[in-house]
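The sequence shown begins at 1 in the UniProt record's numbering and counts up one residue at a time. Just so it is clear, CB atoms sit at the ideal spot from N, CA and C, and this is done for glycine as well. Scroll down for the structure; my scribbles are underneath it.
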Amino acid sequence: MTQHVSESIVYQGQFGEFTINEGDRTGVIVYRTGLMVAALSFALGSALVLLNHNAVNLQILTPLFACFCIALGVSLFTIHIYLAALHRLLQFFWAIGTLSAVFFAVSSVEPLALTIYNYPTSLFGVGFVFAALTGIYFKEAFCFDRLETKILTPLVPILLLGHILQVLPVQLEQIMLAGWATLFVVFALRKIMQPIPPDIGDKSVFVYLKQQRFKSSEF
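Here it is, written out as structure tokens:
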């Protein structure tokens, strides 16, 4: 009964009226589930790095990173972003980073995490995954004014660039990594508690932009 009522609500968008159907709601749930799985995978991996340094833990990090990448990819393919070009760019970043991680995991005799840590320039490839994630943080900070994503948006590139350039003390990198993991989980938890319609956005805008792209392709 509740489902039927929620789907029958008519919203007034910028370019006309629209309704939210079950497919829209499912997409948001999948997006948020992907974020939660990615956040938990990243947090667990970070905890293993920060709390215990042994070969077993380093081996575990590779499947955890794979789980993180897959979950992030699911979120990137279900997130609602008005600018189609930006949406495709984030997906492209994810693909580059994921393929780079696969390359290093297969070609290196060391665990993936150790390869990335010992050879910071590898982040010029793998780091694209985190660039895509930062895009999500930026989108959420802009759309929903979330404090944790406002902090994560600059924190992630500063940490990665600092590691590439070798200008950050190890202790500071550890603090920043712990903060990143913690705020990522906070962000994912808060998304679960957020009402679904705001994540769907103004569907009339998507319809309008699709019509504009169709008209442009006719010329």
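- Excluding the 5 residues flanking it on each side, alanine 105 has same chain C-beta neighbours closer than 7 Å at Thr62, Leu112, in chain order.
- In the DSSP annotation of this structure, the continuous segment of the alpha helix (DSSP H) that includes arginine 32 starts and ends at 22-51.
- Runs of the alpha helix (DSSP H) spanning 4 or more residues and lying entirely within the stretch 147-178 occur at 147-165, in chain order.
- Assigned with DSSP and collapsed to three states, valine 109 falls in coil, not helix or strand.
- The closest CA to that of lysine 191, considering only Met176, Thr149, Pro169, Glu22, is found on Thr149.
- Runs of the alpha helix (DSSP H) lying entirely within the stretch 81-134 and spanning at least 4 residues, in chain order: 84-107, 112-118.
- When Cβ pairs closer than 8 Å are counted between the two stretches, the stretch 111-126 is seen not to touch the stretch 134-145, the count staying below three.
- Put simply, the backbone Cα of glycine 23 is about 16 Å away from that of proline 195.
- Comparing C-alpha distances from glycine 179 to each of His80, Ile81, Ile96, Ala39 shows the shortest one belongs to Ala39.
- In this structure, the beta-carbon distance from valine 37 to alanine 71 falls below 8 Å.
- Taken atom to atom, the span from the alpha-carbon of serine 41 to that of leucine 51 is near 15 Å.
- The residue from Ile81, Thr121, Val74 with its alpha-carbon nearest to that of glutamine 166 is Thr121.
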